[in-house]
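Here UniProt numbering is used: position 203 in the sequence shown is 203, and no number is missing along the way. Glycine residues also receive a C-beta, built at the ideal position from the N, C-alpha and C atoms. Below is one structure, written out as structure tokens, with a few remarks after it.
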Amino acid sequence: MIEILNPLELARAKVTGALVADILQSVKNRSTVGTNLLEIDGWVQTMIAEAGAQSCYVDYAPAFGRGPFGHYICTSVNDAVLHGLPHDYQLADGDLLTLDLAVLKGGIAADSAISFLVGDSRPAGSLELIDATERALAAGIAVAGPGAYTGDISYAIGSVLSEAGYQINTEFGGHGIGSTMHQDPHISNSGRPGRGFKLRPGLLLALEPWIMADTATLVTDPDGWTLRSATGCRTAHREHTIAITDDGAEILTLPTSV
Numbered sequence: 001m002i003e004i005l006n007p008l009e010l011a012r013a014k015v016t017g018a019l020v021a022d023i024l025q026s027v028k029n030r031s032t033v034g035t036n037l038l039e040i041d042g043w044v045q046t047m048i049a050e051a052g053a054q055s056c057y058v059d060y061a062p063a064f065g066r067g068p069f070g071h072y073i074c075t076s077v078n079d080a081v082l083h084g085l086p087h088d089y090q091l092a093d094g095d096l097l098t099l100d101l102a103v104l105k106g107g108i109a110a111d112s113a114i115s116f117l118v119g120d121s122r123p124a125g126s127l128e129l130i131d132a133t134e135r136a137l138a139a140g141i142a143v144a145g146p147g148a149y150t151g152d153i154s155y156a157i158g159s160v161l162s163e164a165g166y167q168i169n170t171e172f173g174g175h176g177i178g179s180t181m182h183q184d185p186h187i188s189n190s191g192r193p194g195r196g197f198k199l200r201p202g203l204l205l206a207l208e209p210w211i212m213a214d215t216a217t218l219v220t221d222p223d224g225w226t227l228r229s230a231t232g233c234r235t236a237h238r239e240h241t242i243a244i245t246d247d248g249a250e251i252l253t254l255p256t257s258v
């Protein structure tokens, strides 16, 4: 299913996007050495409820997971990169934490992810991983607009990641979003320009470059959800929900304050 949102729906999408971004920013600011991943999940549950919104994750049970997910945010640490299931773990100095959050409010969903280092330590290569995903996401957004193709976005993202020296896994990538969290079209993190779905105003997309330091192979934890690098190397992930407009793309998942 591919949805094209009308102006009223787009206005609601902006509200949801800001909520997701503000929750992520709040959690980032509160996540310190010693914070437990289950604490983070509890904070998010409370903030979603206080906003009158609904979690896209707690009842999520796709074919690739061991569902339902049962938690309110994905918390992926160090070698974990996607679908990190919150568990009893206290963050340590230098941990690379990825938070991935999707929320539904006013009938429209928004999805975003951030990666950052906890504490004062800066383990080798970690900031480079984060920077590469940030630049790749910016490149993908820069080419998104009416008349462009999903392949143009994929090519822009993949070019940045490849030039930075990272291998690209194409099993999981960006996606359409709207009244539900995951919709068509799929947007791979590598691709050929001029291919795929032609973008038009009113389309919402969640773009999400993610990388692993020295591999493109994932392994799944016994929890059935958490995806890690096969070599145990560090990882990073960045995601924004954007709306295709008449003259380009608008990022919906920016925090209202820093």
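Distance between residue j and residue i (C-alpha atoms, nearest Å)
| i | j | result |
| --- | --- | --- |
| ALA230 | ALA148 | 35 Å |
| THR46 | PRO193 | 42 Å |
| GLU9 | PHE172 | 27 Å |
| ILE130 | MET1 | 32 Å |
| TRP43 | GLU3 | 31 Å |
| SER179 | GLY106 | 9 Å |
Supposed close pair residue i, residue j - CB separation, criterion 8 Å
| i | j | result |
| --- | --- | --- |
| ALA110 | ALA13 | 6 Å |
| THR133 | ILE211 | 6 Å |
| ALA142 | ILE157 | That pair is no contact at about 10 Å. |
| ALA206 | GLY174 | 6 Å |
| LEU37 | HIS83 | Contact flag wrong, Cβ pair sits at about 13 Å. |
Buried or exposed (CB count within 10 angstroms, at least 16 for buried), residue i
| i | result |
| --- | --- |
| ALA92 | exposed |
| ASN6 | exposed |
| VAL81 | buried |
| GLU239 | buried |
| GLN183 | buried |
| SER121 | exposed |
| VAL219 | exposed |
| ASP41 | buried |
| THR253 | buried |
| PRO62 | exposed |
| ARG30 | exposed |
Bridge-paired residues (DSSP) for residue i
| i | result |
| --- | --- |
| THR150 | Per DSSP, none; premise fails for THR150. |
| ASN78 | Answer by DSSP bridge pairing: none, since ASN78 is not bridged. |
| ASP93 | Paired residues: none, contrary to the question. |
| ASN36 | GLN90 |
| THR220 | LEU227 |
| VAL103 | SER55 and ALA110 |
Residues near residue i in its chain [Cβ-Cβ closer than 8 Å; skip 5 each side]
| i | result |
| --- | --- |
| ASP247 | GLY145 and PRO146 |
| ARG66 | ASP223, GLY224 and TRP225 |
| SER190 | SER154, TYR155, ILE157, GLY158, LEU161, SER162, ILE168 and THR170 |
| GLN54 | ILE48, VAL103, LEU104 and LYS105 |
Own chain residues within Cβ distance below 6 Å of residue i, not counting five before or after
| i | result |
| --- | --- |
| ALA18 | THR256 |
Nonlocal neighbours in the same chain, by C-beta distance under 7 Å from residue i, ignoring five residues either side
| i | result |
| --- | --- |
| CYS56 | ALA102, VAL103, LEU104, ALA109 and MET181 |
| ARG195 | TYR149 and GLY151 |
| SER126 | LEU96, LEU117 and ARG234 |
| ASP22 | PRO255 and THR256 |
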